[in-house]
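Heads up, the thing below is written out as structure tokens.
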Amino acid sequence: MSHDSTAAPEAAARKLSGRRRKEIVAVLLFSGGPIFESSIPLSVFGIDRQDAGVPRYRLLVCAGEEGPLRTTGGLELTAPQGLEAISRAGTVVVPAWRSITSPPPEEALDALRRAHEEGARIVGLCTGAFVLAAAGLLDGRPATTHWMYAPTLAKRYPSVHVDPRELFVDDGDVLTSAGTAAGIDLCLHIVRSDHGNEAAGALARRLVVPPRRSGGQERYLDRSLPEEIGADPLAEVVAWALEHLHEQFDVETLAARAYMSRRTFDRRFRSLTGSAPLQWLITQRVLQAQRLLETSDYSVDEVAGRCGFRSPVALRGHFRRQLGSSPAAYRAAYRARRPQGDRQPDPDTTAGASRSLPPSDPPAALTPENAVPFQTRRTATPMPAGAASVPGQRSAP
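3 is the number of the first residue of the sequence shown in this note's numbering; add one for each residue after it.
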């Protein structure tokens, strides 16, 4: 989770124009948006909870295009305000965008640009980050979105420093979050930034959610890659890597299989997936270890070998860094939460699993409750291409 980011000096110094008010929050809704994400800022900023010690915001619900707005399940919404109301808001929230492949309305993008120029705080929840990126508000900035869409965001907007590991990223006057529940995390963070820990804690109690969640999206990542990879020459190399995770190989091996230099391979791989190849490879090995810990009785040392780690020490370091827990603690917590006799088959290897995108987020029950919290970071600085996760480590984990 990223918070209290060190924003650029000019962003930190920007003040609201005279007609905007800090306590006014505008929520920008579009047709086709998912109702859950849309309801998060409406609930956080639109309900008077002063009796519980939560300072009141003034909410403006604005239509980003002509209505009525059709949302999840065929519901039709009529927003009481239009784009003109954004001119009074100190914070503008885009809770979601209907399609990562279609451009947002230019009128809405212009309204967001004006709001940002006049000092408003701009927030994108989940796929709302695509709207902020289309408006140019994420250029040169760290940002996040749902892990499933992060590679597409990075590929479509290469000037955005996309970090799919974070639950949310606060870059001062522009903030973004991962999917669904991470939108609640970011909204709580905004309340905390505006009014302090006590107010955020009171709101969290009302919502019956943790005031802060440790960790990031790493525990939810799977082997999915952008759909566009199927037509790219690197697809064969990626497929080979996924099928041979039990072997010890490094990024140089993948570059050689692609008939590219290491530098060219790093650049192409990052442009395609939004991730440095070494970090992607480490993530896949950790995910493989996670599956084996859940579905087999292999010792931790055996799991390390079957996932291509050079030693159990390397597995433990990367596993704790990505999932916030040791392999042994993760297995114990996982088994404690599964009913007796509900053990999955013991696969000899799962490296050939499908790379298709999952229909929904993995269940939170797979996350151990006793996971060791991640070290919080002030910014979501992207990892340089080819950089190792552990000091001194240059090739295969």
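A virtual CB, placed ideally from N, CA and C, is assigned to each residue, including glycine.
| Asked | Found |
| --- | --- |
| Pick from 247, 251 and 240 that is closest to residue 260, judged by C-alpha positions | 240 |
| Residue from 44, 187 and 54 whose Cα sits closest to the Cα of residue 204 | 54 |
| Cβ-based neighbour list, residue 56, same chain, cut-off 6 Å, excluding 5 preceding and 5 following | 201, 204 and 205 |
| Residue 316 versus residue 303: straight-line alpha-carbon distance, rounded | 10 Å |
| Cβ shell of residue 283 (< 6 Å), same chain only, five flanking positions each side left out | none |
| C-alpha distance - residue 158 paired with residue 130, whole-angstrom precision | 14 Å |
| Rounded Cβ spacing between residue 25 and residue 51 (contact assumed at less than 8 Å) | Contact flag wrong, Cβ pair sits at about 14 Å. |
| Euclidean distance between Cα positions of residue 22 and residue 192 | 17 Å |
| Assigned secondary structure, residue 141 (DSSP; H/G/I helix, E/B strand, else coil) | coil |
| Status (buried if at least 16 other CB within 10 Å, exposed otherwise) for residue 178 | buried |
| Residues that DSSP places opposite residue 78 in a beta bridge | 72 |
| Beta-bridge partners of residue 96, as assigned by DSSP | 126 |
| Own chain residues within Cβ distance below 8 Å of residue 139, not counting five before or after | 114, 115, 118, 124 and 176 |
| Selected residue, minimal CA-CA separation from residue 167, among 339, 190, 332 and 326 | 326 |
| Nearest neighbour of residue 39, chosen from 183, 161 and 102 [CA to CA] | 183 |
| For residue 46, the first and last residue of its enclosing beta strand (DSSP E) | Taken as a continuous stretch (DSSP letters only), residue 46 belongs to no beta strand (DSSP E), being part of the alpha helix (DSSP H) at 37 to 48. |
| For residue 36 and residue 189, believed in contact at Cβ under 8 Å, the rounded distance | Actually they are not in contact, since the Cβ atoms of residue 189 and residue 36 sit about 16 Å apart, beyond 8 Å. |
| Collapsed DSSP secondary structure at residue 26 in the structure displayed | strand |
| Spatial distance of residue 318 from residue 242 (CA atoms) | 25 Å |
| Whole runs of the beta strand (DSSP E) within the segment 175 to 221, excluding any shorter than 3 residues | 176 to 179 |
| Cβ pair residue 152, residue 111 closer than 8 Å | no |
| CB contact flag (residue 290, residue 309, <8 Å) | yes |
| Rounded straight-line distance, which links the Cα of residue 34 to that of residue 75 | 10 Å |
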